[in-house]
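Each residue of the sequence shown is one higher than the last, beginning at 1 in UniProt numbering.
Ideal Cβ positions, reconstructed from N, Cα and C, are used throughout, including at glycine.
It should be emphasised that the depicted structure is a prediction, and the values quoted were computed from it without experimental measurement.
Okay, so here's the structure we're looking at.
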Amino acid sequence: MSCGACSPQVHDDAFAVRRAVFMEEQGYENEFEPIDEDSSCIHVVLYAGRELAGCARVFPEELERTLNPGMPQSPACSLDAGVQQGETYIMGRVAVMPAMRRRGLARELVRASERAAREADARLIKLHAQEYIRDLYAAEGYEQISEVDYEDEGQPHLWMAKRL
């Protein structure tokens, strides 16, 4: 597992997973954005042996509000209480290569992303999950904080959050 300051290899590997899963498999048009290049965006890449298995990313909520205001913004929720500005992170782009699925790797990516966010002083993580994967996040302690929406390329998504 690699995460943190993004080496060119980690960056390229994360993008390869996202391209394969979100663009080629799920048909998303544009998977990449300025957030990916910001130094406060933490890319997490998972390898099974030497094989590229999956990726995720976490970043400060303010980064999305600044660099990508057109994307769905996280809603306020009861878990925000007592969390200071800069302590809420967004997790996203959690993806596992098709050949690597059903091995618990997505859970490992979520946990590694949480550790990376915690190390960056996050106290709360929010995510805009595809609806079909809600149970994975719920099993990891995330609470649903919104109704289902279709703001992300027409795919059903919902907001979830977890205190760290």
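Cβ neighbour criterion (16 or more within 10 Å) applied to residue i
i: Tyr142; result: buried
i: Ser74; result: buried
i: Glu24; result: exposed
i: Gly54; result: buried
i: Gly4; result: Since pLDDT at Gly4 reaches only 45, below the 50 mark, its modelled position is unreliable, and no value is offered.
i: Pro60; result: buried
i: Tyr137; result: buried
i: Ser40; result: exposed
Paired residues, beta bridge with residue i - DSSP
i: Asp149; result: His157
CA-to-CA distance, residue j to residue i, given in whole angstroms
i: Asp149; j: Arg134; result: 13 Å
i: Phe32; j: Arg19; result: 9 Å
i: Ser2; j: Arg107; result: Unreliable placement is indicated for Ser2, whose pLDDT of 47 sits below 50; the coordinate value is still reported in the next sentence. In a straight line, the C-alpha of Ser2 is about 15 Å away from that of Arg107.
Short Cβ contact (8 Å threshold) for residue i with residue j
i: Ala95; j: Val17; result: yes
i: Ile35; j: Val58; result: no
i: Val44; j: Asp13; result: no
Problem - Entirely enclosed beta strand (DSSP E) segments - the stretch 79-152, minimum 3 residues - result: DSSP runs (the beta strand (DSSP E)) wholly in the stretch 79-152: 88-96, 124-130 and 149-152.
Practice task
Could I get the ranges of all uninterrupted alpha helix (DSSP H) runs contained in the stretch 6-73, with 4 residues as the minimum, in chain order?
Solution key: Along the stretch 6-73, the alpha helix (DSSP H) occurs as fully enclosed runs of 4 or more residues at 8-18 and 61-67, listed in sequence order.
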